[in-house]
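Student: Mind having a look at this structure? Questions to follow.
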Amino acid sequence: MSQEQKQPSPSPASASQPDHHLPPPPPFDPSRMIGIIKRKALIKELAAVYHAECLAYCQELLELQKKRDEPFIDVKSLNDSRKGKMRPPKRLKKSR
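In numbering that gives the first Met the number 0, the protein residues as written are 0 to 95.
Listed below in structure tokens is the structure:
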């Protein structure tokens with residue numbers, strides 16, 4: 000059998016029309032625009048809240064990084080190191 004017999008040829012009327020039949024757009028309704036504007040305002044407000052929260056987390060992270068970069072000073076280790084580095088006295092005490 001030839002390929003022409005396997006595939007049916009499209010009719011000329013259906014070839015010019017797309018396969019998908021899209022419904023016509025709804026008529027303009029101003030009340031829908033009010034809802035769209037309100038949703039847009041809510042999205043902007045939510046974005047501002049997320050942005051502020053993100054800035055707060057960034058600030059906290061920056062402070063933690065600064066604390067990590069600072070040299071760690073342990074108070075006990077300073078006291079211990081002073082005791083260990085003491086020199087013996089030049090004059091020994093006389094025993095009685």
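Positions of the beta carbon are idealized from the N, C-alpha and C atoms, including for glycine.
Owing to the predicted nature of the structure, the values given are computational and were not obtained by experimental measurement.
Tell me which same chain residues have a C-beta within less than 6 Å of the C-beta of TYR56, skipping the five on either side of it?
Tutor: Around TYR56: no qualifying Cβ.
Student: Look at the alpha carbon of SER13 and the alpha carbon of PRO23, and state the distance between them as a whole number of angstroms.
Tutor: Because the pLDDT of SER13 is 49, which lies under 50, any placement of that residue in the model is unreliable, and the question is left without a value.
Student: Taking the continuous alpha helix (DSSP H) assigned at MET85, which residues delimit it?
Tutor: MET85 -> no alpha helix (DSSP H), and no H or E assigned at all.
Student: For a minimum of 4 consecutive residues, which ranges assigned as the alpha helix (DSSP H) are wholly contained in the segment 24-51?
Tutor: Qualifying alpha helix (DSSP H) stretches: none in this window.
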